[in-house]
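Participant: Have a look at the structure that comes next, please.
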Amino acid sequence: MSKTLEEAFRELIMRNKWYEHSLRSPIQAKNDKAKFLKGKKLPEERMRDYLSVAGWICVQIELWNPADKTLKECFSELIKNRKWHQYSSRSYFSAKNDKAKFIHGENISEEYIREYLSAAGYTIKQYELWEKYKF
């Protein structure tokens with residue numbers, strides 16, 4: 001199950017010797033744990049380091065607004081509109097070609113899709129989740 005950075009770090013520090021593979025000293029790790037449990041902010045980079053060496057993996061999530069959809073879901077919705085390409089810097093013929101490729105399941109550059117979506121007023125929301133790696 002995916003967790004936020006804080007949730008994953010809280011789960012990690014509840015184990016014995018959670019800092020075992022970290023490059024930080026045990027004293028520093030114990031101080032970091034105490035700070036975190038008191039509600040004080042730890043640098044996110046430090047929490048990411050602890051999680052990474054303990055076998056957690058960061059998964060980058062990217063959703064497009066409105067409606068929190070994936071890149072391909074939004075593009076699929078966008079190309080249903082008659083003049084979907086009108087704000088893009090790509091030519092009309094390139095846009096038609098990209099649409100045909102997408103409909104037929106061929107790869108088109110994500111960079112182009114991002115440009116079409118941005119030009120149509122979609123905004124991107126990115127965040128990260130953490131998962132425990134299963135060996």
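If you read the sequence shown in the working numbering, its first letter stands for residue 1, the second for the next number, and so on. Even glycine gets a Cβ: it sits at the ideal position worked out from N, Cα and C.
1. Beta-carbon within less than 7 Å of A8's beta-carbon, same chain only, minus the 5 sequence neighbours each way: which residues are those?
2. Could you give the uninterrupted runs of the alpha helix (DSSP H) lying entirely in the segment 50 to 93, keeping only those of 4 residues or more?
3. So, is K33 buried or exposed, given that buried needs 16 or more other C-beta atoms within 10 angstroms?
4. Just the C-alpha distance for T4 and V53, rounded to the nearest angstrom, thanks.
5. Would a C-beta distance cut-off of 8 Å place C58 and L117 closer than the cut-off?
6. Let me check one thing: in DSSP terms, what residues is I124 bridge-paired to?
7. So what does DSSP say about K35, is it helix, strand or coil?
8. Do A120 and L63 have their C-beta atoms closer together than 8 Å?
9. Based on DSSP bridge pairs, tell me the residues matched to E115.
10. Would you say R82 and E115 are within 8 Å of each other, going by their C-beta atoms?
11. Report the residue from Q60, E44, K38 whose alpha carbon sits nearest the alpha carbon of Y127.
12. For R6, does the three-state DSSP call read helix, strand or coil?
13. Short of 8 Å in beta carbon distance, which residues of its chain neighbour K125, apart from the five on each side in sequence? Order them along the chain.
Facilitator: The structure says:
1. These residues qualify, in order along the chain: L51, W56, W130.
2. Segments of the alpha helix (DSSP H) lying fully in the segment 50 to 93: 71 to 78.
3. With 16 or more Cβ atoms within 10 Å of its Cβ, K33 is classed as buried.
4. One C-alpha to the other measures close to 17 Å.
5. Going by beta carbons, C58 and L117 fall outside the 8 Å limit.
6. DSSP, once it has assigned bridges, lists W64 as partnering I124.
7. Note: K35 maps to helix in three-state DSSP.
8. Between A120 and L63, the CB-CB gap reaches or exceeds 8 Å.
9. According to DSSP, which records beta bridges pairwise, E115 is partnered with nothing at all.
10. No, Cβ-Cβ distance for R82 and E115 is not below 8 Å.
11. The shortest C-alpha to C-alpha distance from Y127 to any of Q60, E44, K38 is the one to Q60.
12. Note on identity: in this sequence residue 6 is Glu, with Arg being the wrong assignment. E6: helix per DSSP, three-state reduction.
13. These residues qualify, in order along the chain: E62, L63, W64, N65, D68.
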